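> Residue numbers (the working numbering), protein chains in the order written: chain B, 2 to 221; chain H, 2 to 221. Just so you know, even glycine gets a beta-carbon here, dropped at the ideal spot from N, CA and C. Computed from a predicted structure; not experimentally measured.
Number of protein chains: 2
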Amino acid sequence: MSDLKAKERPAGEKVISPAVIKRLPRYYRYLGDLLRNDVVRISSKELSRKMNVTASQIRQDLNNFGGFGQQGYGYNVEYLYNEIAKILGLNDRNNIIIIGAGNLGQALANNSDFIHNGFNIIGLFDVNPKVIGKKINGAEVYDIDRLEEFIAGHDVKIAALTLPKNSAVRIAGRLADLGVKAIWNFAPVDLNLPEDVIIENVHLSESIMTLSYRIHSSEI
Amino acid sequence: MSDLKAKERPAGEKVISPAVIKRLPRYYRYLGDLLRNDVVRISSKELSRKMNVTASQIRQDLNNFGGFGQQGYGYNVEYLYNEIAKILGLNDRNNIIIIGAGNLGQALANNSDFIHNGFNIIGLFDVNPKVIGKKINGAEVYDIDRLEEFIAGHDVKIAALTLPKNSAVRIAGRLADLGVKAIWNFAPVDLNLPEDVIIENVHLSESIMTLSYRIHSSEI
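1) The alpha helix (DSSP H) that contains H:Phe-66, what's its start and end?
2) Got a sec? Which residues, its chain only, sit under 8 Å from B:Asn-92 by beta carbon, not counting five neighbours each side?
3) Mind checking B:Ala-108: buried by the 16 CB within 10 Å criterion, or exposed?
4) I want to see whether chain B comes within less than 7 Å of H:Pro-26, judged by CB atoms only; does it?
5) Going by other Cβ atoms of all chains shown within 10 Å of its Cβ, with 16 needed for buried, is B:Thr-55 buried or exposed?
6) Looking at the strands, I want to know which residues DSSP matches up with H:Leu-125.
7) Going by DSSP in three states, H:Ile-152 sits in which element: helix, strand or coil?
8) Just how far apart, CA to CA, sit B:Asn-138 and B:Ile-122?
9) Where do the ends of the beta strand (DSSP E) carrying B:Gly-75 lie?
10) Tell me whether B:Trp-185 sits in a helix, a strand or coil according to DSSP, three-state version.
11) Whose Cβ in chain B lies nearer than 8 Å to the Cβ of H:Arg-171?
12) Where DSSP assigns a beta bridge to B:Lys-136, which residues make up the other side?
13) Quick one: measure Cβ to Cβ for B:Lys-158 and H:Ile-216, integer angstroms, because I've assumed they're closer than 8 Å.
14) Would you call the stretch 37-46 of chain H and the stretch 75-89 of chain H touching, i.e. three or more CB-CB distances under 8 Å?
15) My output table needs one value for H:Tyr-60: the three-state DSSP class, helix, strand or coil.
16) Any idea what DSSP makes of B:Ala-162, helix, strand or coil?
17) Smallest Cα separation from H:Lys-51: which of H:Arg-27, H:Ala-153, H:Tyr-74, H:Asn-65?
18) Among B:Gly-174, B:Ala-160, B:Asn-53, B:Leu-194, which one has its Cα closest to the Cα of B:Asn-1?
19) Counting only Cβ pairs nearer than 7 Å, list the residues of chain H close to B:Ile-22.
20) Our contact map puts B:Ser-213 next to H:Leu-89 with C-beta atoms below 8 Å; I'd like the distance itself, whole angstroms only.
21) How big is the Cα-Cα spacing for B:Leu-148 and B:Lys-182?
22) Would you mind stating whether H:Ser-206 and B:Asp-114 have Cβ atoms separated by less than 7 Å?
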């Protein structure tokens with residue numbers, strides 16, 4: 002692909018800055034809302050007012066993917082929504098397993114926001130006999146002993162870890178050995194895995210501490 | 002306070018860059034681990050190896066708060082841990098209420114990582130008669146109709162919102178009217194509240210989309 006010029010590449014094949022990538026899901030969310038409200042097109046100015054960012058940032062961000070807008074017309078909402086979905090990989094089959102079927106694991110399995118956006122929970126795993134065999138939003142909870150067998154038989158894209166720290170470290174290694182290439186980690190620990198494993202952390206205790214800091218420093 | 006020189010100010014009164022603040026809870030987590038393993042002191046070099054950041058970043062970050070380290074001695078783990086706790090406001094009474102006592106709300110109430118770090122869940126609220134009256138990890142689930150009465154009688158620092166989008170917007174406004182100054186928002190929506198209300202978002206669907214993007218772009 003390296004001899005293709007940037008503008009000839011299909012959207013999604015360009016290297017994009019992490020800051021832009023972080024903003025894409027937010028564009029996607031706003032465009033989804035507009036679409037559900039039957040808005041056909043929107044100017045960068047209107048979108049910027051809604052999203053509370055500058056119109057020029059919107060234009061710059063979207064220009065990374067070849068623009069999509071037309072001068073004096075604005076953006077076609079449905080088209081832009083679908084293009085961002087492609088860029089985010091939401092048209093692929095993103096099969097997820099959840100390790101840890103406690104409250105948080107069950108909350109993820111029940112979360113319609115991402116289930117309706119290209120993500121598919123195909124199973125949960127736990128050690129607790131009380132939850133093994135249960136169905137959460139259509140997905141079965143399996144004994145963790147069946148992890149190897151399950152992964153061999155399914156196309157698992159992402160494993161979400163809703164486990165205590167020590168089990169998370171252990172299971173993450175096991176998942177990497179089994180060829181799982183993406184971990185959505187909710188455990189309060191930094192996982193050390195081979196470089197080709199992609200890790201996205203959701204550190205809730207760090208988030209609440211940041212909030213605490215902001216309260217504390219606003220009070221001084 | 003404005004006539005105090007920076008170095009005379011107690012730790013926590015200096016304006017710190019958001020990037021440094023984002024890293025503080027991670028220092029706190031590592032120092033807590035060291036403390037539990039009875040490590041008395043650590044050099045910035047050792048700490049940097051553990052945390053996978055440069056020693057010079059560690060020194061720079063901690064210099065924002067007056068240093069804490071001694072040349073050739075390193076950092077006193079317990080002292081540094083306690084100082085960071087102060088900076089993060091973890092020694093204050095951080096009373097939290099959780100609005101929405103579903104799986105996610107219950108997961109937060111059961112999360113020992115932050116409960117043991119200066120946060121105190123004093124109540125949950127819901128509309129569902131099936132959960133109202135239940136105790137989650139010692140905290141009672143109240144009828145949402147009792148929100149006003151409860152807030153009048155308690156020092157509520159933070160309200161966590163684990164609600165669908167539309168209810169989150171409505172309840173956030175109600176909380177702001179009641180004088181709650183910090184919202185930990187798990188709903189997939191940007192809340193528009195008066196400027197003095199501090200909002201910390203945990204947008205799970207944006208996090209999973211970022212992960213999806215990274216998988217998708219690594220496959221191309």
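So, from the listed chains and residues:
1) Per DSSP, H:Phe-66 belongs to no alpha helix (DSSP H) and is neither H nor E.
2) Ala-86, Gly-119
3) buried
4) yes
5) exposed
6) H:Ile-99, H:Val-142
7) helix
8) 9 Å
9) 75-77
10) strand
11) Those do not exist, as H:Arg-171 stays about 16 Å from chain B at its closest Cβ, beyond 8 Å.
12) B:Glu-141
13) 6 Å
14) yes
15) According to the sequence shown, residue 60 of chain H is Arg rather than Tyr. Helix.
16) The question names Ala, but residue 162 of chain B in the sequence shown is Leu. The answer is strand: DSSP assigns B:Leu-162 an E or B state.
17) H:Arg-27
18) Residue 1 of chain B cannot be examined here, being either before or after the span of chain B that is shown, 2 to 221.
19) Thr-211, Tyr-214
20) 6 Å
21) 15 Å
22) yes
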